[in-house]
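One structure is given here, and the rest of the page talks about it.
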Amino acid sequence: PITEGSNEAAIAIGNSAPRALTGSSVPPIAFQSAQQFRWTGADIHESLGKTYQAMSGEAASTLSQAATANPQLDFLVRTNMDAQIAADRIRGAVRASNGVSYPGGSLANQLKLIAKMIRGGLRTRVFYASMGGFDTHSGQRGRHAQLMGQFANAINAFQKDLRESGDDERVMTMVFSEFGRRVGENASNGTDHGTAGPMFVIGKHAKGGVHGQHPNFTKLDSGDLRYTMDFRRVYAGVLSGWMQADPSKVVGAQHQPLAVV
Numbered sequence: 010p011i012t013e014g015s016n017e018a019a020i021a022i023g024n025s026a027p028r029a030l031t032g033s034s035v036p037p038i039a040f041q042s043a044q045q046f047r048w049t050g051a052d053i054h055e056s057l058g059k060t061y062q063a064m065s066g067e068a069a070s071t072l073s074q075a076a077t078a079n080p081q082l083d084f085l086v087r088t089n090m091d092a093q094i095a096a097d098r099i100r101g102a103v104r105a106s107n108g109v110s111y112p113g114g115s116l117a118n119q120l121k122l123i124a125k126m127i128r129g130g131l132r133t134r135v136f137y138a139s140m141g142g143f144d145t146h147s148g149q150r151g152r153h154a155q156l157m158g159q160f161a162n163a164i165n166a167f168q169k170d171l172r173e174s175g176d177d178e179r180v181m182t183m184v185f186s187e188f189g190r191r192v193g194e195n196a197s198n199g200t201d202h203g204t205a206g207p208m209f210v211i212g213k214h215a216k217g218g219v220h221g222q223h224p225n226f227t228k229l230d231s232g233d234l235r236y237t238m239d240f241r242r243v244y245a246g247v248l249s250g251w252m253q254a255d256p257s258k259v260v261g262a263q264h265q266p267l268a269v270v
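Written as structure tokens, this is what we have:
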């Protein structure tokens with residue numbers, strides 16, 4: 010379970026962390042480049058950078074003593090120190106080398122970075138990567154095939170990297186779509202926003218196969234698919250079966266965990 014003191018418990022690759030990583034006690038970390046996860050720049054930023062570095066020395070000790078009498082200052086000091094410690098650990102972890110070559114593309118680059126952090130021994134429970142471009146309102150056939158090829162090649166390289174390092178024993182990947190598509194084609198050879206969507210659970214210890222029933226294309230809900238598996242059951246299955254966490258605190262007690270592990 011993610012606990013207090015785990016400064017890098019959840020990491021998102023990108024400019025901001027999604028709400029899915031928001032917890033009750035541990036804030037998520039988000040960055041695009043591990044080397045840029047620090048105070049950088051000139052002028053005011055350079056001054057902030059010097060102050061930031063000073064926090065690891067005598068200044069931190071002085072502030073810590075003053076903070077004991079000021080709850081607000083104490084919060085700022087602890088937040089700053091947590092950020093500095095996390096940044097140092099992350100930059101140290103990404104010095105690890107990947108065991109395989111990765112294809113091009115945004116998702117592959119993100120997974121390549123995540124694999125480095127795993128190899129580097131970072132004690133992170135959840136990593137979050139994302140891939141855009143699936144909002145195919147026009148020309149879906151060729152674009153969707155291209156995107157799925159990029160997705161498959163990136164996941165394949167990531168799994169090979171984990172297997173090469175032996176980390177496939179302790180890493181599970183869950184893939185979900187932000188939104189589904191309507192069944193019928195629109196006037197631009199694409200599809201518009203719809204309901205339902207695919208999910209994948211990938212890993213050495215995942216129970217392979219198709220879980221649930223394939224949606225019925227003839228029994229639609231105003232042109233949308235009727236989902237046959239509540240996505241919260243998949244979340245519950247991963248939380249309880251893989252992370253040994255209580256899924257009721259995340260998705261509610263009414264959703265029976267799906268046996269995906």
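Start counting the sequence shown at 10; every next residue gets the next number (this note's numbering).
Every residue, glycine too, gets a C-beta built ideally from N, C-alpha and C.
Residue pairing by DSSP places Val210 opposite Met183 in a beta bridge. One thing to note: Leu234 has its Cβ no nearer than 7 Å to the Cβ of Thr200. For the pair of segments examined, the region 142-161 was found not to touch the region 93-101: the number of CB pairs separated by less than 8 Å stays below three. Put simply, the backbone Cα of Val243 is about 32 Å away from that of Ala105. The residues Asp177, Glu178, in chain order, have a CB closer than 7 Å to that of Lys213 in the same chain once the five nearest residues on each side in sequence are set aside.
For Val135, the uninterrupted beta strand (DSSP E) segment begins and ends at 135-137.
Setting aside the 5 residues that flank it on each side, Gln222 is surrounded in the same chain by Thr237, each with a C-beta closer than 7 Å to its C-beta; the list follows chain order. Ranked by Cα distance from Asp144, the options Phe167, Val109, Asn195 are led by Asn195.
Under the DSSP assignment, Ala163 falls in the alpha helix (DSSP H) whose first and last residues are 149-174. Rounded to whole angstroms, the Cβ separation of Ala43 and Gly23 is 13 Å, and the two are not in contact under 8 Å. Ranked by how close their Cα comes to the Cα of Val180, the residues Ser110, Pro266, Thr133, Leu30 have Thr133 in first place. With a beta-carbon spacing of about 6 Å, Ala166 and Val109 fall inside the 8 Å limit used to define contacts. Less than 7 Å separates the beta-carbon of Ser186 from that of Gly206. In this structure, the alpha-carbon of Leu122 lies about 30 Å from that of Leu267. Check the Cα spacing between Gly189 and each of Gln155, Met208, Pro112: the tightest is with Met208. DSSP, read as helix, strand or coil, puts Phe40 in strand.
Val135 and Asp230 have their C-alpha atoms roughly 35 Å apart. Residue environment: Gln253 is assigned as exposed (fewer than 16 neighbouring CB atoms within 10 Å of its CB, all protein chains considered). Contact between Gly114 and Gln159 holds: CB atoms are separated by about 5 Å, below the 8 Å threshold. When the five nearest sequence neighbours on each side are left out, the beta carbons in the same chain lying within less than 8 Å of the beta carbon of Thr31 are those of Pro37, in order along the chain. Contact check for Ala95 against Glu17 passes: the beta carbons are separated by less than 7 Å. Excluding residues up to 5 positions away in sequence, Val192 lie with their Cβ nearer than 7 Å to the Cβ of Phe226 in the same chain.
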